[in-house]
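In the UniProt record's numbering, the protein residues as written are 1 to 278.
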Amino acid sequence: MALLAVSGCTRPDRRSSVVVTRPTASSPPVAPIQDRHPRSLSAIINNELQLGRYADGEADLQQYLKQHPADRAARAMLHQLTADPQRSLGEGWQPHVVRTGDSYSSLAARYLGDANLFLILARYNNSTNPSMLRVGETLHMPKSGRSAPVAVEAPALVVDTNHRDVAAVTESRTAKARRLQDESVGLLDQGHNDQALARLGEALALDPRLKPVDAKTAALRTQLLGSYHERAIVLYRDQQLEQAIALWNRLLAIDPGYEPAIVYRTRALELQHRLKQY
Numbered sequence: 001m002a003l004l005a006v007s008g009c010t011r012p013d014r015r016s017s018v019v020v021t022r023p024t025a026s027s028p029p030v031a032p033i034q035d036r037h038p039r040s041l042s043a044i045i046n047n048e049l050q051l052g053r054y055a056d057g058e059a060d061l062q063q064y065l066k067q068h069p070a071d072r073a074a075r076a077m078l079h080q081l082t083a084d085p086q087r088s089l090g091e092g093w094q095p096h097v098v099r100t101g102d103s104y105s106s107l108a109a110r111y112l113g114d115a116n117l118f119l120i121l122a123r124y125n126n127s128t129n130p131s132m133l134r135v136g137e138t139l140h141m142p143k144s145g146r147s148a149p150v151a152v153e154a155p156a157l158v159v160d161t162n163h164r165d166v167a168a169v170t171e172s173r174t175a176k177a178r179r180l181q182d183e184s185v186g187l188l189d190q191g192h193n194d195q196a197l198a199r200l201g202e203a204l205a206l207d208p209r210l211k212p213v214d215a216k217t218a219a220l221r222t223q224l225l226g227s228y229h230e231r232a233i234v235l236y237r238d239q240q241l242e243q244a245i246a247l248w249n250r251l252l253a254i255d256p257g258y259e260p261a262i263v264y265r266t267r268a269l270e271l272q273h274r275l276k277q278y
């Protein structure tokens, strides 16, 4: 299932939890379907579902599926939008306090095993704006975890002409990485810098050799690598060498010529070796 996972932008907040209500009758009315311009699936997610415009998103998804009835990603997204979250994810939950860098997509990957299930997880928490999370906010994470019985359609199976292989029709890692990179720029244009960095990080985790497509993605990539290096230095100074080295390894997989990371990683490896001798 190839979906456009939407990250949440965390904001510092002194409250430990925030009660979020569902849209009320005062929400903007949904324009009649016949008056709406055809939208791409990406536009529906980024401009409507991401911002909590669920009614508009559902209407446009229905229209989109009339034109693209075989689009499994759109059908799966519509299911996340209309299914009962508690029934799909289970009644039992555990608390998660939002930290900087958290998003519904990253939390869905952590607790459900699939970042693409961000929307139903947002609805599970009664979120009226999945793009926004506050640091310190307490969310409900299904206890069922990675085995959560989320009722989504399985991908169709296809057999090649020589009957040599059976493979699920899924988005390739490279194609997904490119899509996530494109989404990161869209988030940056909307002013969600932290969210854009998180999305680009997801893209580069899938394909570390993914190249920037323009100046914006290049600048965002540079910012992301800088944040990795700064975090690794903090870990290094706290003598959390294994974690620091792992983060520098991730950075160097993306940019093998990143000189500061090469220098500090070498120092960390030497220190790690010395400590093991004692």
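Even for Gly, the Cβ is constructed at its ideal location relative to N, Cα and C.
Item	Value
Under 8 Å, with one C-beta from each stretch per pair, do the segment 180-193 and the segment 75-95 reach the 3-pair mark?	no
According to the Cβ coordinates, are Ser-131 and Gln-195 closer than 8 Å?	yes
Can you tell which of Gly-113, Val-98 and Gln-272 has the C-alpha that lies nearest to the C-alpha of Leu-133?	Val-98
Going by the CB atoms, is the gap between Tyr-111 and Met-77 shorter than 8 Å?	no
Buried or exposed for residue 281, please, with buried defined as at least 16 other CB atoms from any protein chain shown within 10 angstroms of its CB.	Past the edges of the chain, shown from 1 to 278, lies residue 281, and the structure says nothing about it.
Give me the Cα-Cα distance between Leu-269 and Arg-53, rounded to the nearest whole angstrom.	50 Å
Counting only the same chain and skipping the five closest in sequence on each side, list residues whose C-beta sits under 8 Å from that of Thr-217.	Gln-181, Ser-184, Val-185 and Leu-200
If you count every other CB in all the chains shown that lies within 10 Å of the CB of Lys-211, and 16 or more means buried, which is it?	exposed
Is the distance from the Cβ of Arg-231 to the Cβ of Leu-247 below 8 Å?	yes
Tell me the DSSP secondary structure of Leu-61 in three-state form.	helix
Which residues share a DSSP beta bridge with Val-97?	Thr-138
Do you know how far the Cα of Ala-203 is from the Cα of Thr-253?	In the sequence under discussion, the amino acid at residue 253 is Ala, which differs from the Thr named in the question. Each residue's Cα considered, the two are about 13 Å apart.
For residue 328, count the other beta carbons within 10 Å of its own beta carbon; 16 or more makes it buried, fewer makes it exposed. Which is it?	This structure cannot settle anything about residue 328, because the visible part of the chain is limited to 1 through 278.
Could you name the residues of the same chain whose beta carbon sits closer than 8 Å to that of Thr-174, not counting the 5 residues immediately before and after it, in chain order?	Leu-206, Asp-207 and Leu-210
Is the CB-CB distance between Ala-198 and His-229 below 8 Å?	no
Under a Cβ-count criterion, where at least 16 other Cβ atoms within 10 Å of its own Cβ denotes burial, should Ala-122 be classed as buried or exposed?	buried
Counting along the chain, where does the alpha helix (DSSP H) carrying Gly-186 start and finish?	173-189
Between which residues of its own chain and Thr-82 is the CB-CB distance below 8 Å, once the five residues before and five after are set aside?	Glu-58
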